[in-house]
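The listed protein sequences derive, respectively, from chains F and Y.
Just so we're on the same page, our numbering is the position in the first sequence counted from 1, plus 11.
Just so we're on the same page, our numbering is the position in the second sequence counted from 1, plus 1336.
Report on one structure; see the data block that follows.
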Amino acid sequence: MSDPKMKFLVVDDFSTMRRIVRNLLKELGYTNVDEAEDGVVAMQKLTSGGIDFVVTDWNMPNMTGIELLRAIRANAQLSHLPVLMITAEAKKENIVEAAQAGASGYIVKPFTAATLSEKLAKIFEKMAKT
Amino acid sequence: MSDFSGMEDLLQDFLIEAGDLLSGVDNKLVDLERTPRDLPLLNEIFRGFHTIKGGAGFLNATELVSLCHLTENLFDKLRNGELKVTPTMLDVILAATASVRSMFGELERGLQPSAADSSLMERLKQSVSGKLAQEPPPAAPVAPKPVAAPPQPAASSSSKGPDWDAYYQAITGTSPAKSVAVAQAEVVVAEAAPLDHEELHVSEEAAQQIITAAVGRRTTDKPGYQGPPGGRREGERQRDNSIRVDTARLDQVLNLSGEIGLTKNRLTALRSDILNGKNDTDTMHALDLAVSQLDLLVSDLQNAVMKTRMQPIGRLFQKYPRIARDLARSLGKDVEMLLEGEDTEIDKTMIEDLSDPIIHLIRNAVDHGIELPPERMSMGKPEKSTVRLEARQEGDHILIVVSDDGRGMNAERLRAKALEKGLISDEEANTMDERQSFNLIFLPGFSMASAVSDVSGRGVGMDVVRTNIQKLNGSIDIRSEQGKGTSFVISLPLTLAILPVLLVCLGDQPFAVPLSMVREILPIVPKEVQELGGHATMVVRGEVLPIVTLASLLGWPQDVVPEYGVLMQSAEQSFILAIDSFAGREDAVIKSLDDFRPKGVAGVTTLSNGQIVLILDMKELLTGLGENRVVTRAQLLLEGQALHAA
Chain F
12 MSDPKMKFLV
22 VDDFSTMRRI
32 VRNLLKELGY
42 TNVDEAEDGV
52 VAMQKLTSGG
62 IDFVVTDWNM
72 PNMTGIELLR
82 AIRANAQLSH
92 LPVLMITAEA
102 KKENIVEAAQ
112 AGASGYIVKP
122 FTAATLSEKL
132 AKIFEKMAKT
Chain Y
1337 MSDFSGMEDL
1347 LQDFLIEAGD
1357 LLSGVDNKLV
1367 DLERTPRDLP
1377 LLNEIFRGFH
1387 TIKGGAGFLN
1397 ATELVSLCHL
1407 TENLFDKLRN
1417 GELKVTPTML
1427 DVILAATASV
1437 RSMFGELERG
1447 LQPSAADSSL
1457 MERLKQSVSG
1467 KLAQEPPPAA
1477 PVAPKPVAAP
1487 PQPAASSSSK
1497 GPDWDAYYQA
1507 ITGTSPAKSV
1517 AVAQAEVVVA
1527 EAAPLDHEEL
1537 HVSEEAAQQI
1547 ITAAVGRRTT
1557 DKPGYQGPPG
1567 GRREGERQRD
1577 NSIRVDTARL
1587 DQVLNLSGEI
1597 GLTKNRLTAL
1607 RSDILNGKND
1617 TDTMHALDLA
1627 VSQLDLLVSD
1637 LQNAVMKTRM
1647 QPIGRLFQKY
1657 PRIARDLARS
1667 LGKDVEMLLE
1677 GEDTEIDKTM
1687 IEDLSDPIIH
1697 LIRNAVDHGI
1707 ELPPERMSMG
1717 KPEKSTVRLE
1727 ARQEGDHILI
1737 VVSDDGRGMN
1747 AERLRAKALE
1757 KGLISDEEAN
1767 TMDERQSFNL
1777 IFLPGFSMAS
1787 AVSDVSGRGV
1797 GMDVVRTNIQ
1807 KLNGSIDIRS
1817 EQGKGTSFVI
1827 SLPLTLAILP
1837 VLLVCLGDQP
1847 FAVPLSMVRE
1857 ILPIVPKEVQ
1867 ELGGHATMVV
1877 RGEVLPIVTL
1887 ASLLGWPQDV
1897 VPEYGVLMQS
1907 AEQSFILAID
1917 SFAGREDAVI
1927 KSLDDFRPKG
1937 VAGVTTLSNG
1947 QIVLILDMKE
1957 LLTGLGENRV
1967 VTRAQLLLEG
1977 QALHAA
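Below is the structure:
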């Protein structure tokens, strides 16, 4: 499942952060990365197809990460997509909310390539089982 | 601690983006003061700190993370309605943003930020817990006494329960230990941080410090500092050398360079045709077409490249409402700052160099221009005063206007003051019109405040303002009406890269003078030249103007009687520059002489015929030569060669 050609969509309103995530993904060998600056743009890109994996920030204007996650899960075409939430919050409520909304994984900023790799591996593992 | 190696790019990106974000936050805070319960506003501010925190984490800037974290917690409670904004709390928050900005300053220098002022952190914590005293705490409790033993930092307080682990593992399958440990460690570090760092003590301190902190400049950048004269490229500081450009603009550049490539191919083909003896009308016509097309494309390309350097001036304006507010508050005045024309675009280099002059003008407006509320009431003016900062493009110039609705300037008093300080003579004082009198405030050593206040009145500032504006090839003008208010109008060229010049000749040698100074061109008619106090002068529409010969400015011998005079106007004086002839006007692309810079030469440019021409720095030439530049009528008109002492 962990195909290096798979296409990631990195969603964050802070371009520096998109760049950080993009670089970390590159370090892990995933070079096919698209970016979106909020949930609205992300949904547009997702519905036009081609995305295999979504990595999204939580706190964004227009459409937050959790709203994006819910929108993805509610969309028959997209509901199967793995969604990794990235946030600076390590609060219980947030994690519960993300879990309930169907997040595939949750990662707290700041993180390293190793942590990201670990999370991705877990997600791929889970996906392979189902 | 400089461990950003390999992260320089990231750091640069972060600083630019986070800097914008922080300016936005600063502005929103000023709005918040007016509408303390505006939920979307609170959300946006929360998100600002949150985003900065996230980015800072990746840079391992732990002190920045903990400061943002605390502030973010405070806003979380504010937007949830658990706490309400109070003026004291707002001061703490503003101090926090100033501290964040100073940390950006440290990052810019490649240093890990040192801990925020302990009293600030303490007051933030008090704010979060809703225990902030309404009065700012006296100096004593600031002492490095540990906070009432274990008030858990918010990040970790929620990280304790077993539920947390369970949920975390449920969706991640890993132990949260790592990240939580990091979060805790950060907060602990913040609390145990050494207290000898006295970075900021904004709240109760002088307004000057607020400004310095808010602007994130070192004091060495301020008034006394005068960069290399005529400096633009060479004056560009090390910091912040990257620029964000709209991709559409870059695409345009790319597109145009492609087109130029095609036209070049066409020309190459035509050249071989012509070299092979083909010179019929069609070929010549094609050549003509190709060259004019190239002409058009190159000027389009120049414009497009220039545009990549253009930035909306709003990025500069954003920080001023905050500065005006802080100042007004410290002076007991009620000032509202209005911004207009934030979309106006201006060369990035200029944005940086304009920062200080505009601060001085705003300080000046708030401190000197605006009256205290009782005085305003007695004048029948609204208690709240307005300082307006606007930018707009007018022709090929950008105008920046700082205006207030304060007491206005009194020409009579200005003259008296200048006379008293010995800056002008009796005679000069009597002949000055209103505009000239206003301009007196630009003289070095002139200060209107009778008591030296903290904010202004040190007699530096206004002259530096003008010097800095002139360095950008701009000018500054004052309009004022007593009792109604004062406007400072800064006029700047669109860009520094291309300078429209007039080519004047001395003998066969052309020189370039900035067209922005040229008002008109007139013939020098010997019988109209009069001598006044040892100066050769001419009367132009009732105004007596001294004649200065280009030869005397350059120290060249004058062999013939100059035929033309160029009426030049700079902020402080008008004069007629006597020259032999003209060679036209050009849009000069300035090449600065980096290491070798003769006095009075701003740079060089290449003319269309390949000739290299010096661009003269008139101001420097005029000041440099002092009394030597005075020419008598006889010298000018070469009457009685014996007098000619060149």
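Ideal placement from N, C-alpha and C gives every residue a C-beta, glycine not left out.
Pair within 9 Å by beta-carbon distance, residue i and residue j
i         : j         : result
Y/Leu1972 : Y/Ala1914 : yes
F/Leu20   : F/Asp45   : yes
Y/Thr1680 : Y/Ile1734 : yes
Y/Pro1449 : Y/Leu1443 : yes
Y/Arg1658 : Y/Leu1430 : yes
Y/Gln1806 : Y/Lys1955 : yes
Y/Ile1388 : Y/Val1436 : yes
Y/Tyr1900 : Y/Val1854 : no
Y/Ile1826 : Y/Val1702 : no
Y/Phe1911 : Y/Leu1886 : no
Y/Pro1984 : Y/Asp1923 : It is not possible to answer for residue 1984 of chain Y, since the shown part of chain Y is limited to 1337 through 1982.
Alpha-carbon to alpha-carbon, residue j and residue i
i         : j         : result
Y/Val1937 : Y/Val1634 : 28 Å
Y/Ile1698 : Y/Leu1667 : 14 Å
F/Ile31   : F/Lys56   : 20 Å
Y/Leu1403 : Y/Ser1628 : 60 Å
F/Ser90   : F/Ala110  : 15 Å
Y/Asp1732 : Y/Ile1694 : 21 Å
Y/Lys1600 : Y/Leu1630 : 8 Å
F/Val107  : F/Lys133  : 18 Å
Y/Leu1952 : Y/Ala1626 : 35 Å
F/Pro93   : F/Asp63   : 8 Å
Y/Leu1368 : Y/Asp1813 : 34 Å
Y/Leu1858 : Y/Met1904 : 11 Å
Y/Thr1968 : Y/Ile1760 : 23 Å
Y/Leu1725 : Y/Lys1467 : 38 Å
Y/Ile1883 : Y/Val1800 : 28 Å
F/Ile118  : F/Arg29   : 15 Å
Exposure of residue i, with buried meaning 16 or more beta-carbon neighbours within 10 Å
i         : result
Y/Pro1423 : exposed
Y/His1405 : buried
Y/Glu1856 : exposed
Y/Glu1748 : exposed
Y/Thr1433 : buried
Y/Ala1752 : exposed
Y/Ser1721 : buried
Y/Arg1554 : Low confidence applies here, because Y/Arg1554 scores a pLDDT of 37, under 50, leaving its location unreliable and the question unanswered by this model.
F/Glu136  : exposed
Y/Met1715 : exposed
Y/Gly1393 : buried
Y/Asp1453 : buried
Y/Ala1640 : buried
Y/Phe1824 : buried
Y/Phe1932 : exposed
Proximal residues to residue i (C-beta, below 7 Å), its chain only, five neighbours per side dropped
i         : result
Y/Glu1344 : none
Y/Gly1360 : Gly1384 and Gln1654
Y/Gly1391 : Phe1350 and Ala1354
Y/Gln1729 : Thr1680
Y/Leu1378 : Phe1411, Leu1414 and Arg1415
Y/Gly1650 : Glu1678 and Asp1679
Y/Leu1460 : Leu1406, Thr1407, Leu1410, Val1428 and Ala1432
Neighbourhood of residue i by C-beta distance below 6 Å, restricted to the same chain and skipping five residues each side
i         : result
Y/Arg1661 : Val1366
Close beta carbons around residue i, own chain, < 8 Å, minus the five adjacent residues each side
i         : result
F/Met1    : Any property of residue 1 of chain F remains undetermined from this structure, which presents chain F solely from 12 to 141.
Y/Glu1770 : Ala1747
Y/Glu1719 : Asp1670, Pro1709, Arg1712 and Met1713
F/Leu39   : Ala124, Leu127, Ser128 and Leu131
Y/Gly1758 : none
Y/Lys1364 : Leu1377, Glu1380, Ile1381 and Gly1384
Proximity test, residue i beta-carbon vs the ligand FMN heavy atom, cut-off 8 Å
i         : result
Y/Ala1626 : This structure lacks the ligand FMN; in fact it carries no ligand of any kind.
Identify every run of the beta strand (DSSP E) within the segment 1815 to 1876 of chain Y, keeping only runs that are complete inside it and at least 3 residues long; order them along the chain.
1821 to 1829, 1834 to 1842, 1845 to 1850, 1854 to 1859, 1866 to 1868 and 1871 to 1876
Taking only runs of the alpha helix (DSSP H) that begin and end inside the segment 1707 to 1787 of chain Y, which ones reach a length of at least 4 residues, in chain order?
1709 to 1714, 1747 to 1756, 1762 to 1767 and 1770 to 1774
Which whole runs of the beta strand (DSSP E) in the segment 1570 to 1644 of chain Y are 3 residues long or more, in chain order?
none
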